[in-house]
Amino acid sequence: MDLTARLREIVGVAQVVTETDVVAPYAQDWSRRWAGKPLAVVRPGTTAEVADVIRACAEAEVPLVPQGGNTGLVGGGVPQDGEVVLSLRRLNAIGAVDQLGRTVVAGAGATLAEVQRAARSGGLDVGIDFAARDSATIGGIASTNAGGGRVLRHGITRSQVQGLEVVLADGSIVCRMSGLAKDNTGYDLVQLMVGSEGTLGVITAVQLKLVPPSGPAVTALVAVKTVDDALAVLSAVRRRFAELDAAEYFHDDGLQLVLRHRSVASPFDRHHPLYLLVEVTGAGADTVDDLAELLGELDPVRDAVLAVTAADQRALWELREAHSEAIGAVGVPVKLDVALPLNRLGYFEQELPDVVRAVSRHAVTILFGHLAEGNVHVNLLAATEDDVHGSVTDAVLRLVAAHGGSISAEHGIGLAKRRWLPLTRDPADVAAMRAIKQAFDPAGLLSPGRILA
Ligand SMILES: Cc1cc2nc3c(=O)[nH]c(=O)nc-3n(C[C@H](O)[C@H](O)[C@H](O)COP(=O)(O)OP(=O)(O)OC[C@H]3O[C@@H](n4cnc5c(N)ncnc54)[C@H](O)[C@@H]3O)c2cc1C
């Protein structure tokens with residue numbers, strides 16, 4: 007029996023898709039940079055079906071790539087030609103909120119927004135948030151160890167994952183969801199799976215830690231001149247307010263794209279070079295005045311707007327969160343997610359335009375990101391042709407490495423950056439990663455060629 011027929015036996019005829027137009031949304035990524043022709047898209051509805059699908063692919067020696075919401079930005083979740091796409095979206099059940107243990111178990115295919123709603127209806131919240139919340143799945147988020155706008159307060163996804171259910175490359179199922187806060191029984195397989203980008207196992211359910219709701223918040227958009235000014239303001243705000251939830255930044259060129267794309271007006275009456283978005287939570291009645299007073303005292307602050315109502319806060323957040331969408335509406339950018347030590351961020355931003363211009367004369371550089379972690383999203387429009395052989399990516403990532411940064415802050419390595427892994431991981435480190443991959447997936451069935459070339 008051929009593989010497609012066997013897959014239909016396992017999940018039902020309707021859940022194995024091969025027609026080009028139905029396959030299309032699974033075959034290309036959100037940024038339109040990565041695409042392939044899969045053998046089929048298979049959509050199991052239970053963990054047992056996932057295990058059977060993996061066994062069938064292993065027997066047929068056909069590799070597969072797990073996929074959640076397909077919002078990943080490094081080509082890790084889109085198929086290479088001939089691979090099977092294993093879509094986890096139908097595994098979207100969400101259990102009851104455990105009030106005592108402050109956890110919830112969600113199927114890998116539940117979207118972040120769905121899990122947030124479930125947590126909030128139980129009086130708690132998820133300590134993870136970012137713009138792709140309506141499509142990104144909790145399985146994809148765990149497998150990429152996603153970051154986002156709440157890392158400053160709650161840490162990266164890894165610190166929010168309490169347990170996992172995972173199907174390994176031989177079809178065996180590992181379930182570690184005791185819910186115990188302390189459980190040092192052997193190797194930490196849960197944390198090994200987090201951030202492994204589908205190369206070590208297929209996540210079928212995630213047990214997430216939940217956080218208390220943040221309470222009333224004050225959001226401020228602060229206009230400054232340079233990234234070092236933004237860092238000085240952030241440092242002062244952090245000293246004054248213990249409960250800072252977010253610190254995001256963007257430049258004026260990005261803001262202008264967003265304003266045009268969304269047809270909205272700037273909250274400022276003139277242009278400023280750079281903007282810092284901060285959100286203080288657990289706010290008491292005096293927080294607005296305190297924050298306004300502090301910002302008024304700080305030299306680097308050129309202007310600021312404060313928001314206290316949910317609608318006004320959302321409007322400020324949109325200016326930051328709509329960046330990827332607004333850039334994508336202009337063209338397909340070279341997208342590089344990197345992190346710099348905070349004391350090197352200003353130098354990096356100063357040096358970057360010349361470094362890019364040397365390899366891509368017409369490139370338009372747009373930078374934004376999560377300031378507190380030195381996490382910059384480098385978006386280069388009109389540069390994809392010059393990057394066909396990776397020369398633009400190479401130039402930017404070498405600059406990152408020269409400043410002691412990371413070539414992947416939160417999006418992962420996928421296909422996009424595997425060539426550059428040795429830039430910031432030494433040979434012994436890469437060899438250890440290869441040994442782990444070999445131990446979990448000796449036949450190279452799961453997402454071959456992602457992370458490790
Ligand atoms: C507008 C926008 C904003 C974004 N903002 C952020 C941000 O602030 N921070 C951030 O970190 N990322 C961000 N991203 C990137 C992306 O949303 C995250 O990487 C997210 O975690 C991907 O989830 P997904 O379900 O879409 O995964 P997919 O794109 O489907 O897959 C991503 C990777 O995970 C693997 N995978 C997916 N599901 C599973 C599973 N169940 N088991 C094993 N492997 C699996 C895939 O094989 C692939 O390697 C953004 C993307 C967009 C489009």
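For the sequence shown, position 53 matches number 59 in the numbering used here, and the numbering has no gaps at all.
All residues carry an ideal CB built from backbone N, CA and C; glycine is no exception.
Assigned exposure category for residue i - 16 Cβ within 10 Å defines buried
i, result
"Ser-127", "exposed"
"Pro-218", "exposed"
"Pro-347", "exposed"
"Gln-73", "buried"
"Ala-187", "exposed"
"Leu-106", "exposed"
"Pro-2", "Because the chain spans 7 through 459 in this model, residue 2 falls outside it and cannot be assessed."
"Asn-190", "exposed"
"Val-384", "buried"
"Glu-355", "buried"
"Glu-540", "With the chain covering only 7 through 459, there is no way to say anything about residue 540."
"Asp-194", "exposed"
"Thr-26", "exposed"
"Asp-135", "buried"
"Ala-30", "exposed"
"Arg-276", "exposed"
Length of the line joining the Cα atoms of residue i and residue j
i, j, result
"Ser-37", "Ala-291", "43 Å"
"Phe-247", "Ser-241", "10 Å"
"Asp-504", "Ala-310", "This structure gives no information on residue 504, because the portion of the chain shown stretches from 7 to 459."
"Trp-426", "Leu-403", "8 Å"
"His-257", "Ala-441", "42 Å"
"Arg-123", "Asp-140", "11 Å"
"Arg-244", "Val-365", "39 Å"
"Val-48", "Gly-420", "21 Å"
"Ser-272", "Thr-315", "18 Å"
"Val-436", "Ala-64", "26 Å"
"Leu-118", "Met-7", "38 Å"
"Leu-304", "Asp-295", "14 Å"
"Pro-428", "Gly-450", "21 Å"
"Asp-251", "Gly-133", "10 Å"
"Thr-24", "Gln-319", "44 Å"
"Val-103", "Gln-213", "10 Å"
"Phe-374", "Ala-148", "23 Å"
"Lys-423", "Gly-302", "43 Å"
"Ala-332", "Ala-137", "13 Å"
"Arg-12", "Trp-323", "47 Å"
"Val-71", "Ala-238", "44 Å"
"Gly-192", "Phe-274", "55 Å"
"Arg-350", "Ala-378", "13 Å"
"Leu-325", "Gly-51", "38 Å"
"His-368", "His-278", "24 Å"
"Leu-206", "Leu-174", "7 Å"
"Leu-6", "Asp-35", "The chain is shown from 7 up to 459; residue 6 falls before or after that span and cannot be answered."
"Asp-259", "Ser-184", "48 Å"
"Val-284", "Glu-249", "11 Å"
"Asp-87", "Leu-263", "35 Å"
"Ala-20", "Glu-89", "19 Å"
Beta-carbon proximity of residue i to residue j, cut-off 8 Å
i, j, result
"Ser-453", "Gly-169", "no"
"Gly-221", "Thr-293", "no"
"Val-336", "Leu-387", "yes"
"Val-172", "Ile-144", "no"
"Ala-33", "Pro-85", "yes"
"Val-200", "Thr-225", "no"
"Val-228", "Val-307", "yes"
"Thr-399", "Leu-342", "yes"
"Ile-209", "Ala-114", "yes"
"Val-340", "Thr-390", "yes"
"His-160", "Glu-254", "no"
"Leu-79", "His-417", "yes"
"Leu-312", "Ala-298", "yes"
"Ala-415", "Gly-153", "yes"
"Val-230", "Ala-223", "no"
"Gly-352", "Val-180", "no"
"Val-111", "Ala-211", "yes"
"Val-17", "Ala-46", "no"
"Arg-327", "Leu-405", "Here residue 327 is Glu; the residue named in the question, Arg, does not match the sequence. Cβ atoms of Glu-327 and Leu-405: not closer than 8 Å."
"Gly-146", "Gly-75", "yes"
"Val-167", "Arg-182", "no"
Distance cut-off 7 Å: residue i Cβ against heavy atoms of ligand 2
i, result
"Thr-287", "Absent from the structure shown: ligand 2. Ligands present: ligand 1."
- Can you find at least 3 beta carbon pairs, one from the region 82-101 and one from the region 351-363, that sit closer than 8 Å? Below 8 Å, too few C-beta pairs join the region 82-101 and the region 351-363 to call them touching: fewer than three.
- Query: Just checking, does the region 401-416 make contact with the region 437-449 on the three C-beta pairs under 8 Å criterion?
  - Reply: Result no; under three Cβ-Cβ pairs closer than 8 Å.
- Query: Quick one: any contact between the region 45-61 and the region 388-396, if contact means 3 or more CB pairs under 8 Å?
  - Reply: The answer is no - the region 388-396 does not touch the region 45-61, with fewer than three Cβ pairs under 8 Å.
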